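Chains as they are written, first to last, in the working numbering: chain A, 65 to 203; chain B, 140 to 363.
Structure (structure tokens):
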């Protein structure tokens, strides 16, 4: 477990059978997205049933972890004690994962350097057992 | 006349302000009284109550008054009521009321929404802020990254519009200022003025969360 007081951590998801692979995949450096083994549709947020074909034969699959900034906003208001401002909140379209957009943060660059269409790759931030998938710009 | 029509018969609004001392329940009662006067109804005619999202016990600033509480406080004799979070926000409560009226579950329904976020911020002991240590359910996909408010969510859509169509910051601000101009034509006792509004606009783009405290109520009925 990490040493941060609870209020200085990001809000922590409660792990269950549906979301565990997503939130802990970073331990293996993997961004895991649930996928239907029958019709191949990706299912995010992850569910134990495929919303396309209703199959229960679903499993997490490691994806490339790269993508494109679909849109973003810059938070100047401090919404949470664990999240320093200014903070880029972004929606990232994942490569090879049609229809899936992750809400995340863009880190590792000035907030002024962020633009729609920028290519990004995942970078995990660990707090306790959770590995938050953040994204940084690809040089 | 179609038999499935439902009418909004009035509207009432309490005092609006950033640091009101009046309790959220009394603000709600103020709004209901005003709405009843406009509708020409007595309290005894109300047989339904609809609200969003119901009392939020862990986040009282967001919703400090529930349907049960209002029914009890006003001594209403209701045949139907609802306070639900998984509906389309304030308008979801209106739709629920219309649906209940059409189904014959009630004749005169009071719809209300009371927000106390600004007042709550100035009295955190009484109205503690929401603790966001855990991210439950759908919120786990947003709150860990600081996308906590509707302002953060809609700002992303707005930014895409800005980048794609060249909307300027000044044009966006004009929407808010026009809203304020229209609001000034309504005779409410607002303690918020233009300079306070502008001061919240300084930094960024996009939807500013305009935190306020007020209660609004509307009576709805089926055709006589």
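Beta carbons are placed, not taken as given, at the ideal position from N, Cα and C, and that holds for glycine. Note that the structure is a prediction, hence the values are computed from the model and not measured.
Under 8 Å from the C-beta of residue i: neighbouring residues of chain A
i: residue 296 of chain B; result: 135
i: residue 308 of chain B; result: What residue 308 of chain B touches in chain A: nothing, since even the nearest Cβ is about 13 Å away.
i: residue 291 of chain B; result: 137, 139, 143 and 153
C-alpha distance - residue i paired with residue j, whole-angstrom precision
i: residue 346 of chain B; j: residue 294 of chain B; result: The predicted model places residue 346 of chain B with a pLDDT of 40, which falls under 50 and marks its position as unreliable; any figure quoted below should be read in that light. When rounded, the distance between both Cα atoms is 6 Å.
i: residue 270 of chain B; j: residue 261 of chain B; result: 16 Å
i: residue 92 of chain A; j: residue 132 of chain A; result: 23 Å
i: residue 173 of chain A; j: residue 298 of chain B; result: 19 Å
i: residue 289 of chain B; j: residue 196 of chain B; result: 20 Å
i: residue 84 of chain A; j: residue 98 of chain A; result: 10 Å
i: residue 341 of chain B; j: residue 134 of chain A; result: Any reading at residue 341 of chain B is ruled out, since the residue's pLDDT is 38, under 50, leaving its predicted position unreliable.
i: residue 268 of chain B; j: residue 141 of chain A; result: 15 Å
i: residue 161 of chain A; j: residue 274 of chain B; result: 24 Å
i: residue 286 of chain B; j: residue 155 of chain A; result: 10 Å
i: residue 190 of chain A; j: residue 114 of chain A; result: 29 Å
i: residue 163 of chain A; j: residue 73 of chain A; result: 30 Å
i: residue 75 of chain A; j: residue 279 of chain B; result: 8 Å
i: residue 213 of chain B; j: residue 171 of chain B; result: 10 Å
i: residue 222 of chain B; j: residue 230 of chain B; result: 12 Å
i: residue 318 of chain B; j: residue 165 of chain A; result: 32 Å
i: residue 265 of chain B; j: residue 314 of chain B; result: 35 Å
i: residue 338 of chain B; j: residue 183 of chain A; result: The predicted model places residue 338 of chain B with a pLDDT of 45, which falls under 50 and marks its position as unreliable; any figure quoted below should be read in that light. Taking the straight line joining both Cα atoms gives about 35 Å.
i: residue 156 of chain B; j: residue 252 of chain B; result: 15 Å
i: residue 194 of chain A; j: residue 120 of chain A; result: 26 Å
i: residue 80 of chain A; j: residue 194 of chain B; result: 28 Å
i: residue 166 of chain B; j: residue 272 of chain B; result: 31 Å
i: residue 192 of chain B; j: residue 360 of chain B; result: 21 Å
i: residue 130 of chain A; j: residue 209 of chain B; result: 52 Å
i: residue 243 of chain B; j: residue 237 of chain B; result: 10 Å
i: residue 211 of chain B; j: residue 245 of chain B; result: 17 Å
i: residue 82 of chain A; j: residue 291 of chain B; result: 26 Å
Buried/exposed call for residue i, threshold 16 Cβ in 10 Å
i: residue 176 of chain B; result: exposed
i: residue 277 of chain B; result: exposed
i: residue 144 of chain A; result: buried
i: residue 321 of chain B; result: exposed
i: residue 227 of chain B; result: exposed
i: residue 233 of chain B; result: buried
i: residue 182 of chain B; result: exposed
i: residue 94 of chain A; result: buried
i: residue 250 of chain B; result: buried
i: residue 310 of chain B; result: exposed
i: residue 143 of chain B; result: exposed
i: residue 179 of chain A; result: exposed
i: residue 173 of chain B; result: buried
i: residue 239 of chain B; result: buried
i: residue 199 of chain B; result: buried
i: residue 146 of chain A; result: buried
i: residue 362 of chain B; result: exposed
i: residue 323 of chain B; result: exposed
i: residue 305 of chain B; result: exposed
i: residue 149 of chain B; result: buried
i: residue 225 of chain B; result: exposed
i: residue 263 of chain B; result: exposed
Whole-Å CB distance - residue i paired with residue j, under 8 Å assumed
i: residue 235 of chain B; j: residue 189 of chain B; result: 5 Å
i: residue 122 of chain A; j: residue 101 of chain A; result: 6 Å
i: residue 217 of chain B; j: residue 169 of chain B; result: Between residue 169 of chain B and residue 217 of chain B the Cβ distance is about 20 Å, and since that is not below 8 Å, they are no contact.
i: residue 168 of chain A; j: residue 199 of chain A; result: 5 Å
i: residue 56 of chain A; j: residue 175 of chain A; result: Examination of residue 56 of chain A is not possible in this model, given that chain A is present from 65 through 203 alone.
i: residue 152 of chain A; j: residue 136 of chain A; result: 6 Å
i: residue 159 of chain B; j: residue 312 of chain B; result: In fact, because the Cβ distance is near 26 Å, the residues do not count as touching under 8 Å.
Contacts that residue i makes with chain B (C-beta to C-beta distance below 8 Å)
i: residue 196 of chain A; result: 283 and 284
Chain C contact for residue i (CB, 8 Å cutoff)
i: residue 261 of chain B; result: Considering every chain present, this structure includes no chain C. Its protein chains are A and B.
Beta-carbon neighbours of residue i, restricted to chain B and to distances below 7 Å
i: residue 147 of chain A; result: 285
i: residue 128 of chain A; result: The contacting residues do not exist; residue 128 of chain A stays about 20 Å from chain B at best.
i: residue 167 of chain A; result: 280, 281, 284 and 286
Contacts of residue i in chain B (Cβ-Cβ under 9 Å)
i: residue 121 of chain A; result: Within chain B, no residue comes near residue 121 of chain A; the closest Cβ sits about 24 Å away, beyond 9 Å.
i: residue 109 of chain A; result: 277, 279 and 280
Amino acids of chain A, ordered along the chain, whose beta-carbon sits closer than 7 Å to that of residue i
i: residue 135 of chain B; result: There is no way to answer for residue 135 of chain B, as the model of chain B reaches only from 140 to 363.
i: residue 227 of chain B; result: Going along chain A, no residue has its Cβ under 7 Å from residue 227 of chain B, so there is no contact; the nearest lies around 20 Å.
i: residue 302 of chain B; result: 180
ask   = Between the region 68 to 101 of chain A and chain B, which residues of the former have a C-beta closer than 9 Å to a C-beta of the latter?
value = 70, 71, 73, 74, 75, 76, 77, 78, 83 and 87
request  = Quick one: which residues of the region 147 to 164 of chain A get their C-beta closer than 8 Å to a C-beta of chain B? List them in chain order.
outcome  = 147, 151, 153, 154 and 155
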